[in-house]
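Below: the structure, in structure tokens.
Protein chains in written order, with the numbering used here: chain A, 239 to 431; chain B, 43 to 252.
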């Protein structure tokens, strides 16, 4: 198990592979399964979530260290983290509209994303210091991007494969995700994590 | 085969049809394709599934009523923030209640209990209630949606508990269970098979009608 005493590299590795957010913890599945389009759409969505996740984690850590913990109001973590996520996603949406008008991000699935809230809550749950929580959130974000890139490749193969009529679309995606999840089970216990 | 044609509001607004709309025709899992996180992660045992289903229903119904009462005073620009704020307040209430009353259940649900607020079902449904015109509609629709979601959750939990651990409510039914069903891969596989069965059922029915 990882703790605050673990090395940041180990925490990153654990969050990215051993406890991969999608395949080993089943968090963020709505955005994961509802991305339509090929490799490029998946990669862009992963990148958007990665940027917002890392930015949000910095804000979460500062908010927790300077407001929630000193005033002893840790029970307000869900409310405050959710508000921070909404504000950040709105700001990112304005930014994307101004500088990247060609890409249409589905802001609903980014702001309604469990991954960002989960990384904030897990960081405060483990009691990480700043470096460790950055390593953890970056690991979670890289794990998500890795998962969605691997899965977009599989999805492109499935589109030209003769799948039975009833399994087309979401069901075969879930079965594939189950097989990928078994692959990620192989990381379990590596380096004592 | 997704029934996207059933997404519009019911023309005849009888009470039962509104309930049935959320329950079956617009079932959160099978039609809207949202709310997978607790469905894959939590449904290891039936008790956990019932608990998370109750939490989701509580948050959905209470924030649905609150938001449809507040729909005239919420400005359009900050709608998303208000939606998430209301949902997170009710999630905090539920999380604190479970942490105080049922500590071991709180440990079993872990991170997935506060993540109920980010559940796409809740955000998808309640963002509609701020547009709609009656409190009754949001009440019935949220009860229907949460009943539909709870049914799927509890059924999946039941299946996975029997096949994954060979037990039902601490009673050993058979030896040598399929252990992988109780882990995360089993969650994905079970949900995939359930979705395929529903698809197959819909396809068969459609074929007979033609």
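From the three backbone atoms N, C-alpha and C, an ideal C-beta is built for every residue, glycine too.
Given the structure is predicted, the values throughout are model-derived calculations rather than measurements.
Which residues in chain B have a C-beta closer than 9 Å to the C-beta of residue 370/A? List them in chain order. Working through the first chain from its first residue, we reach residue 370/A at position 132. What residue 370/A touches in chain B: nothing, since even the nearest Cβ is about 17 Å away.
Straight-line gap, residue 89/B to residue 83/B (C-alpha atoms, nearest Å): Sequence index remark: in the second chain, residue 89/B carries index 47 (1-based). Sequence index remark: in the second chain, residue 83/B carries index 41 (1-based). Computed Cα separation, rounded: 13 Å.
For a contact defined as C-beta to C-beta under 9 Å, what are the partners of residue 94/B on chain A? Here residue 94/B corresponds to residue number 52 of the second chain, with the count starting at 1. Going along chain A, no residue has its Cβ under 9 Å from residue 94/B, so there is no contact; the nearest lies around 13 Å.
Exposed or buried, which one is residue 378/A when buried takes at least 16 other CB atoms within 10 Å? Reading the first chain from its first residue, position 140 is the one you call residue 378/A. By the 10 Å Cβ count, residue 378/A comes out buried.
Residue 405/A to residue 73/B span [Cα, whole Å]: Here the question's residue 405/A lines up with position 167 in the first chain. Here the question's residue 73/B lines up with position 31 in the second chain. Residue 405/A and residue 73/B: Cα-Cα distance of roughly 15 Å.
In the DSSP output, what is residue 121/B paired with across the bridge? Translated into positions along the second chain, residue 121/B becomes position 79. Beta-bridge pairing links residue 121/B to no other residue.
Kindly indicate which three-state DSSP category residue 417/A falls into: helix, strand or coil? Reading the first chain from its first residue, position 179 is the one you call residue 417/A. Helix at residue 417/A.
Rounded to whole angstroms, what is the Cα-Cα separation between residue 240/B and residue 71/B? Position 198 of the second chain holds residue 240/B. Position 29 of the second chain holds residue 71/B. Whole-angstrom Cα-Cα distance: 11 Å.
Can you tell me whether residue 274/A is buried or exposed? The criterion is at least 16 other CB atoms within 10 Å of its CB, across all chains shown. For this step, residue 274/A is matched to residue 36 along the first chain. So residue 274/A counts as exposed.
Identify the contact partners of residue 97/B in chain E, using a Cβ-Cβ distance below 9 Å as the criterion. Absent from the structure is chain E; the protein chains it does hold are A and B.
Check residue 328/A in the structure and name its three-state DSSP category. In the first chain, residue 328/A corresponds to position 90, counting from 1. Of the three classes helix, strand and coil, the one that applies to residue 328/A here is helix, per DSSP.
Under 7 Å by beta carbon: chain A residues contacting residue 153/B: One-based indexing of the second chain puts residue 153/B at position 111. 356, 359, 360, listed in chain order.
Which listed residue (331/A, 295/A, 362/A) has its alpha carbon closest to that of residue 375/A: Within the first chain, the letter at position 137 stands for residue 375/A. That would be 295/A, whose Cα lies nearest to the Cα of residue 375/A.
Pick from 226/B, 165/B, 176/B: whose alpha carbon is nearest that of residue 125/B? Stepping through the second chain from its first residue, residue 125/B is reached at position 83. Checked all of 226/B, 165/B, 176/B; the closest Cα to residue 125/B is 165/B.
Under 8 Å from the C-beta of residue 187/B: neighbouring residues of chain A: Along the second chain, one-based indexing puts residue 187/B at 145. Near residue 187/B there are no residues of chain A at all, since even the closest Cβ is about 15 Å away, more than 8 Å.
Chain A beta carbons: is any one of them nearer than 8 Å to that of residue 241/B? For the purposes of this step, residue 241/B is identified with residue 199 of the second chain, where counting begins at 1. Yes, residue 241/B lies at the interface with chain A (some Cβ there is under 8 Å from its Cβ).
Backbone CA spacing between residue 360/A and residue 156/B [nearest angstrom]: In the first chain, the residue the question calls residue 360/A occupies position 122. In the second chain, the residue the question calls residue 156/B occupies position 114. About 11 Å.
If the cut is a Cβ gap below 8 Å, which residues of chain B does residue 415/A touch? In the first chain, the residue the question calls residue 415/A occupies position 177. Simply 230, 234.
Going along the chain, which residues of the region 203-230 of chain B sit with their C-beta nearer than 8 Å to a C-beta in chain A? 222, 225, 226, 227, 228, 229, 230
Quick check on the DSSP output: what are the complete alpha helix (DSSP H) runs of length 4 or more inside the region 60-129 of chain B, in order along the chain? 78-83, 88-111
What are the start and end residues of each continuous beta strand (DSSP E) run of 3 or more residues lying completely inside the region 140-174 of chain B, in chain order? none
Partners in chain B for residue 403/A, counting only beta-carbon separations shorter than 9 Å: By one-based count along the first chain, residue 403/A stands at place 165. In chain order: 43, 241, 242, 245.
In the DSSP assignment, find the alpha helix (DSSP H) that holds residue 183/B and state where it starts and stops. Here residue 183/B refers to the residue found at position 141 of the second chain. Element bounds for residue 183/B: 177-207.
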